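Residues in the sequence shown are numbered consecutively from 563, following my numbering.
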Amino acid sequence: MVTMMANPTTMITDQVIASELLNTLKASIKNQALALTEISTTDIRNMMMQHFNDTVNAHGRLTDLMIQRGWYQAYNPSAQIHSDLRNASMTLQTTHR
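Here's what the structure looks like:
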């Protein structure tokens, strides 16, 4: 079942929300890794490392969920590209109505 959230210009699906969250988690992981290299205080570094690990784990859980639901073709890049192109085409059709 696909849950949709009404939006005046388009429909936002669970897949869209999950994809955006996955991209946000990826960016957060990159930024946290960089921040970890700049921290000189052991207590703060340990706290930040725990937060970093939590973020990596959340990314893993979300990736697994998206793969399970068929929203992310991590092991089949050509299928993922096809899916991305199809979704982009549907988005363009929806926004140009």
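All C-beta atoms in this analysis are idealised placements derived from N, C-alpha and C, irrespective of residue type, glycine included.
All of these numbers come straight from a predicted model, not from anything done at the bench.
*Would you list, in sequence order, the uninterrupted alpha helix (DSSP H) runs of no fewer than 4 residues that lie entirely inside the region 573 to 624?*
576 to 598
*C-alpha gap between P639 and T625, whole angstroms*: 15 Å
*Could you give the DSSP three-state label for A636: helix, strand or coil?*
coil
*In this structure, does DSSP put R631 in helix, strand or coil?*
coil
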